[in-house]
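In what follows, a structure is listed as structure tokens, so that the remarks can point back to it.
Protein chains: 2
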Amino acid sequence: AGDAAVGKNKSVSCVACHGAAGKVSIPMYPNLAGQNAMYLEQALLSYKKGERSGGQAEVMRAYVLALSDTDIADLAAYYASLQP
Amino acid sequence: AGDAAVGKNKSVSCVACHGAAGKVSIPMYPNLAGQNAMYLEQALLSYKKGERSGGQAEVMRAYVLALSDTDIADLAAYYASLQP
Numbered sequence: 009a010g011d012a013a014v015g016k017n018k019s020v021s022c023v024a025c026h027g028a029a030g031k032v033s034i035p036m037y038p039n040l041a042g043q044n045a046m047y048l049e050q051a052l053l054s055y056k057k058g059e060r061s062g063g064q065a066e067v068m069r070a071y072v073l074a075l076s077d078t079d080i081a082d083l084a085a086y087y088a089s090l091q092p
Numbered sequence: 009a010g011d012a013a014v015g016k017n018k019s020v021s022c023v024a025c026h027g028a029a030g031k032v033s034i035p036m037y038p039n040l041a042g043q044n045a046m047y048l049e050q051a052l053l054s055y056k057k058g059e060r061s062g063g064q065a066e067v068m069r070a071y072v073l074a075l076s077d078t079d080i081a082d083l084a085a086y087y088a089s090l091q092p
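Residue numbers (my numbering), protein chains in the order written: chain A, 9 to 92; chain B, 9 to 92.
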């Protein structure tokens, strides 16, 4: 499992769209706070593998391509730890 | 925008994986309660259009193919209305 504290430090690029605490102000983007870590990890890996298209998938893919599997696990743990 | 009350009636098939009130007990699935309606709608349309693969995408696609755009809007409104 990822390290939420480390994930917080890696979340700087996520904030613009997903909010400072994983709650968005832009309704076309998903809230992440309190989402299940396993699901978040799988979604990020899907973006990385190019398994999602449409919507913001290309934007997400560009961000996620820079992340290691450890980064992804840490980010998933961080967002799962936040109050929804 | 969709009708949350109508969406609730249409959510019977969603419950097995996404929980009775949009909170899952199976960590590989996403919570839906309190998610943004616009995002939920876009995600469901992406499954319908085959823009997502991997994970549970084929399962989701099979369910969503049976839904009209109105059904999708109603379901999105319903899950967005629930307490996260």
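Don't be surprised by glycine CBs; every beta carbon is placed ideally from N, CA and C.
Where the alpha helix (DSSP H) through residue i begins and ends
i	result
N17(A)	12 to 18
Y86(B)	77 to 89
Member of the options whose CA lies at the smallest distance from the CA of residue i
i	options	result
Y87(A)	P38(A), S61(A), G58(A)	P38(A)
G42(A)	I34(A), H26(A), L53(A)	H26(A)
Y71(A)	A24(A), G10(A), A12(A), A9(A)	A24(A)
T78(B)	S89(B), S21(B), L53(B), G58(B)	L53(B)
S19(B)	L83(B), L90(B), S89(B)	L83(B)
P92(A)	N44(A), A13(A), K16(A)	N44(A)
K57(A)	M68(A), V14(A), Y47(A)	M68(A)
Q50(B)	P35(A), A51(A), A12(A)	P35(A)
Beta bridge counterpart(s) of residue i as assigned by DSSP
i	result
R60(A)	R60(B)
Sequence-distant residues of the same chain with beta carbon closer than 7 Å to residue i, five excluded per side
i	result
A65(A)	Y55
Through-space distance from residue j to residue i, alpha-carbon basis
i	j	result
L90(B)	Y47(B)	15 Å
K59(B)	R60(A)	Here residue 59(B) turns out to be Glu, not Lys, going by the sequence shown. Straight-line Cα distance between these residues: approximately 6 Å.
A1(B)	V14(B)	For residue 1(B) there is no data in the structure shown, the boundaries of chain B being 9 and 92.
Beta-carbon contacts of residue i that lie in its chain and below 8 Å, excluding the five residues immediately before and after
i	result
S21(B)	Y71
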